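The numbers in the sequence shown follow our numbering, run straight up by one, and end at 559.
Structure record follows, encoded as structure tokens.
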Amino acid sequence: MKTYIILLFVLIYGSLSAQKPLDTLYANDRTTVSLFFPEPIRQGITGADHFVFTYNPETPQYLGLLKAMPGAESNLLVLTTDGQVYSYILKYREKLPELNYFIGKQKSIGHEKGLKPEKDTSLQEQTYRDTLQIAPNRKTGIIRLCQYLIRQDKRITSKRRKKLKLTLKQVVHRRGEVYVSLELENKSAIDYELDYIRLYVENGNNKKNASYQKILHDTVYTHQVPEVVRSKERKRFVLVFPKFTLGKQENLLIEMGERNGHRVMELKQ
Numbered sequence: 291m292k293t294y295i296i297l298l299f300v301l302i303y304g305s306l307s308a309q310k311p312l313d314t315l316y317a318n319d320r321t322t323v324s325l326f327f328p329e330p331i332r333q334g335i336t337g338a339d340h341f342v343f344t345y346n347p348e349t350p351q352y353l354g355l356l357k358a359m360p361g362a363e364s365n366l367l368v369l370t371t372d373g374q375v376y377s378y379i380l381k382y383r384e385k386l387p388e389l390n391y392f393i394g395k396q397k398s399i400g401h402e403k404g405l406k407p408e409k410d411t412s413l414q415e416q417t418y419r420d421t422l423q424i425a426p427n428r429k430t431g432i433i434r435l436c437q438y439l440i441r442q443d444k445r446i447t448s449k450r451r452k453k454l455k456l457t458l459k460q461v462v463h464r465r466g467e468v469y470v471s472l473e474l475e476n477k478s479a480i481d482y483e484l485d486y487i488r489l490y491v492e493n494g495n496n497k498k499n500a501s502y503q504k505i506l507h508d509t510v511y512t513h514q515v516p517e518v519v520r521s522k523e524r525k526r527f528v529l530v531f532p533k534f535t536l537g538k539q540e541n542l543l544i545e546m547g548e549r550n551g552h553r554v555m556e557l558k559q
């Protein structure tokens, strides 16, 4: 079985990697590098034993974790549940340039059945359109509550970075949903183009790998999420999630990334 897996890895890697130059991922033995794929991971294979890629094979998830021991460079092949194939060069490095990689479908090198990679639309278009994924008869009530929350001048906590201010205004539980009201203020001289915004529930201490867990929650509806927050502008918006509750050791983590930029915001509550 092991021989078959290695042969499969070599055949797929050899036939697909020539299509485009491969990106390089760096890892070491002291820090866990997180890889978030656009679809759950079905299989992940490294070309050498001193690189370790872990994922959940029983219940496929979007997250994979990479660690490495010192040694020669190798490669990583990942297949997601939609059949897309992702391939990377792996190198050991003492000082890591990135700890978290959010991988878009445009990074796919092909499909396991030989199909061309799907044309990638931006995460903004895929995730943050005001499209309800819940029963139509509840649409009016949900939109009205979002409109009400946007008008409220409340504040739970905020985070400033590079003249950007991300504020968590309210977290409201109603019926089967959780409403997270946010505001982004841009005091910089450069427009902020929103690439993604994600909400996680953290459990444990991220300095202790064995006890730390970060779970991504998908939205069922978003209200007025901006594509751009221009210089000296402020925008309010609401994310709606399926109902969840926080345990005593759990926190909310909101991550926001800039398209074609490096201004990443993280806000904890």
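Glycine included, C-beta positions come from ideal geometry on N, C-alpha and C.
All values derive from a computational prediction rather than experimental measurement.
| Asked | Found |
| --- | --- |
| Through-space distance from Glu483 to Thr421, alpha-carbon basis | With a pLDDT of 47 at Thr421, under the threshold of 50, the modelled position of this residue cannot be trusted; read the value that follows with caution. If you take the alpha carbons of Thr421 and Glu483, they lie about 20 Å apart. |
| Separation of Lys452 from Glu523, as counted between CA atoms | 15 Å |
| One or two residues paired with His507 in a DSSP bridge | Leu489 |
| N- and C-terminal bounds of the beta strand (DSSP E) containing Tyr382 | 374 to 382 |
| Nearest neighbour of Ile335, chosen from Pro328, Val368, Lys357 [CA to CA] | Val368 |
| The segment 342 to 351 touching the segment 484 to 493, judged by at least three CB pairs closer than 8 Å | no |
| Bridge partner(s) assigned by DSSP for Phe364 | It should be noted that the sequence gives Ser, not Phe, for residue 364. Ser364 pairs with Leu380. |
| Pick from Gly431, Arg332, Gln460 that is closest to Gln374, judged by C-alpha positions | Arg332 |
| Range of the contiguous beta strand (DSSP E) that encloses Arg526 | 523 to 532 |
| Other residues of its chain near Glu363: CB distance less than 7 Å, five sequence neighbours each side excluded | Ile379, Leu380, Lys381 |
| Coarse secondary structure for Gly431, derived from DSSP in three states | helix |
| Residue from Tyr316, Tyr511, Thr371, Asn318 with nearest C-alpha to Lys403 | Thr371 |
| The ligand SAH heavy atom lying under 6 Å from the CB of Arg450 | Although the ligand SAH was asked about, the structure shown includes no ligands whatsoever. |
| Which listed residue (Gln437, Ala479, Val470) has its alpha carbon closest to that of Leu454 | Ala479 |
| Whether Glu473 touches Arg553 by CB criterion (7 Å) | no |
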